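Just so you know, we're using this note's numbering here: the sequence shown kicks off at 55 and counts up by one.
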Amino acid sequence: MKAGTPVFFAVLLVCSLPAMTLVAADPGSGSQGQTVENVQPSAAQHSEPVVAVNTTNRLPLSDDATAEYTSYGSDLGTTLASGDDALRIDHEVYMLSEHEFDQANVSEQITMAEAAHERLQERIDDLEEREREVVRTHANGEQTTDELTQTLLRNYHEANELETTLNQLESRAERIPGYSLSSAELRADRNALSAFQTQLRTGIDIARESAGADEQYEYVIQTTENGFSLATIEDDIYLLETARFDNRDRSQPDQFEGLESIDRAGELYPWAAADSTPFGQFHGEIRSFHWIEYNHAQGNLKIHLDGGTGDVYREAQDLSIDSLPVEREATVTNDGLALSINQTPANGPVGVTVTDDETGDPIPATVSIVDVESEGDDSIEMGDTNLEDETLWFVPPAGEYEVTAETRMDSVNATVTST
């Protein structure tokens, strides 16, 4: 991610889509807006991943959800700085005192190590509870999008800090004669932390740190009371992250034995399972989840499969846009301009190309979108096509929206309907 380049964070809008309808609209262009809102169709009321053809399935959100385009800059970094200070203080609480540890006998050292490990595990559990609460309050309008983002990034930072402390604790425990911390529990702890250490959050954090005082980074975030979803396009990679808290129930016994969780993952993500060999680590008895990863032809998929419900409650994907299939394509023309729109499955990235209608030569244009169903006519700029990068890719909103491509002389519009 390059400093000074707008980064677009968009919602994983997951629904099974019928044929996309494109109709030519009157030429024109709107001024750049700050917010576009849309409502996710009610078709995504399922706990299982939405089926996509010739690519990975995608975990949907439940209930109706609002996706808000907004922006942040260095002000968010200032707010997070105080949180970072608090984490450094917490780090000292979790670590064992070198002097006290060395002065203790073996029995005392074991007690100290196990107590420190329990404190770390409690804090790991606190991360998910913190996200559950802020997502719920954001969906209810009690928290701003900036506040939600701050919490997601604070969890990212704290997860990194907790992993470092966990590694140090493991090293310290290995110095105790005849003792070591449970390797199975340590693996479970690290896989639990990985839910907050996604590549997408790393990209958001880099953008935050590189943002200048006058620079704003645009993104979209979607929440319901029971989950949230994010996506971004970064260096031609489509990054997705979705959490479904209602798919998580640690009070129920683990329903999987042996490789049954691998079989279940294969049922939920058949294309990924057919294209690659899964790698899994199973923590049903320890943390009631199974962590499974697929490295497939289009990228990478990681899931946290809940042992109690048998459903996926965390999903992280990175997909090469060049490898995604184009499910639907259409072209509209106006005043010698041709606007071509290609849609990938599961309301994934949309590619826009602007060309001369007669010669087919690419034409530089500024592309913006506006949600037809939202109040007002504010538009948001998605980026530019140019002679080198003929196709501009962006993550679209759900429902009906208007795409406008504006050149120096003319413009062409299309209304895209996806339900």
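The C-beta atom is built at its ideal place from N, Cα and C for all residues, glycine as well.
Here the structure is a predicted model, which is why all the values come from computation and not from measurement.
{"Check": "Secondary structure at T199, three-state DSSP: helix, strand or coil?", "Outcome": "helix"}
{"Check": "From N214, Y233 and D365, pick the residue whose C-alpha is nearest to that of F343; which is it?", "Outcome": "D365"}
{"Check": "Take H192 as the anchor and find which of A297, R208, Q276 and L240 has the nearest alpha-carbon.", "Outcome": "Q276"}
{"Check": "Label F448 either buried or exposed according to how many other C-beta atoms from any shown protein chain fall within 10 Å of its C-beta, with 16 as the threshold for buried.", "Outcome": "buried"}
{"Check": "Around the Cβ of E288, are there at least 16 other Cβ atoms within 10 angstroms (buried) or fewer (exposed)?", "Outcome": "buried"}
{"Check": "DSSP has L355 in a bridge; who is on the other side?", "Outcome": "Y348 and Q371"}
{"Check": "Can you have a look at G281 and say buried or exposed, based on whether 16 or more other CB atoms are within 10 angstroms of its CB?", "Outcome": "buried"}
{"Check": "So the candidates are S330, M436 and E427; which of them puts its Cα closest to the Cα of T471?", "Outcome": "E427"}
{"Check": "Between which residues of its own chain and R255 is the CB-CB distance below 7 Å, once the five residues before and five after are set aside?", "Outcome": "L206, L207 and Y210"}
{"Check": "When you compare only the Cα positions, how much space is there between D156 and E217?", "Outcome": "23 Å"}
{"Check": "Beta-carbon separation of E412 and G390 under 8 Å?", "Outcome": "yes"}
{"Check": "Taking the Cβ atom as the reference point for each residue, do T398 and L378 lie within a distance shorter than 8 Å?", "Outcome": "yes"}
{"Check": "Can you tell which of E442, R190, T199 and Y292 has its C-alpha closest to the C-alpha of A121?", "Outcome": "T199"}
{"Check": "In whole angstroms, what separates the C-alpha of I375 from that of Y292?", "Outcome": "6 Å"}
{"Check": "Can you pull the DSSP bridge partners for D425?", "Outcome": "Y455"}
{"Check": "Comparing C-alpha positions only, which one of D303, P324 and P307 sits nearest to R112?", "Outcome": "P324"}
{"Check": "Looking at V421 and G405, is the spacing between their C-beta atoms short of 8 Å?", "Outcome": "no"}
{"Check": "Helix, strand or coil, according to DSSP, for Q335 in the structure here?", "Outcome": "strand"}
{"Check": "Using the C-alpha atoms, what's the distance from F250 back to I260?", "Outcome": "15 Å"}
{"Check": "Where do the ends of the alpha helix (DSSP H) carrying L322 lie?", "Outcome": "E314 to L322"}
{"Check": "Would you give the residue range spanned by the beta strand (DSSP E) that N388 belongs to?", "Outcome": "R382 to N388"}
{"Check": "Can you give me the Cβ contacts of S330 inside the same chain, cut-off strictly under 7 Å, excluding the 5 residues immediately before and after it?", "Outcome": "Y348, N349 and H350"}
{"Check": "Between V457 and S101, what straight-line distance do the alpha-carbon atoms span, to the nearest angstrom?", "Outcome": "31 Å"}
{"Check": "Helix, strand or coil: which one does DSSP assign to G437?", "Outcome": "strand"}
{"Check": "Hey, quick one: how far does the beta strand (DSSP E) through L284 stretch, first residue to last?", "Outcome": "G281 to E288"}
{"Check": "Ignore the nearest five residues each way along the sequence and tell me which others in T445's own chain have a CB closer than 6 Å to its CB.", "Outcome": "G405 and T407"}
{"Check": "Below 8 Å between beta carbons: does that hold for I178 and A246?", "Outcome": "yes"}
{"Check": "Report the rounded CA-to-CA distance for A384 versus N396, giving the unit in angstroms.", "Outcome": "7 Å"}
{"Check": "What residues in its chain sit with their C-beta under 6 Å from that of L355, if we drop five residues either side in the sequence?", "Outcome": "T110, A326, Y348 and Q371"}
{"Check": "Between P72 and the rest of its own chain, which residues show a CB-CB distance below 6 Å, the 5 nearest in sequence each way excluded?", "Outcome": "Any reading at P72 needs caution, since the residue's pLDDT is 33, under 50, leaving its predicted position unreliable; the model's value is listed next. Excluding residues within five positions, none has a Cβ falling inside 6 Å."}
{"Check": "So, are the CB atoms of I346 and G334 less than 8 Å apart?", "Outcome": "yes"}
{"Check": "May I ask which residues mark the beginning and end of the beta strand (DSSP E) holding E295?", "Outcome": "I291 to R298"}
{"Check": "Here's the rule: buried if 16 or more other CB atoms are within 10 angstroms of the residue's CB, otherwise exposed. What is R462?", "Outcome": "exposed"}
{"Check": "Taking D243 as part of the alpha helix (DSSP H), name the residues at either end of that continuous run.", "Outcome": "S237 to L247"}
{"Check": "If you draw a straight line from the C-alpha of V188 to the C-alpha of P231, how long is it?", "Outcome": "44 Å"}
{"Check": "Taking just the CA atoms, how far does E196 sit from L240?", "Outcome": "36 Å"}
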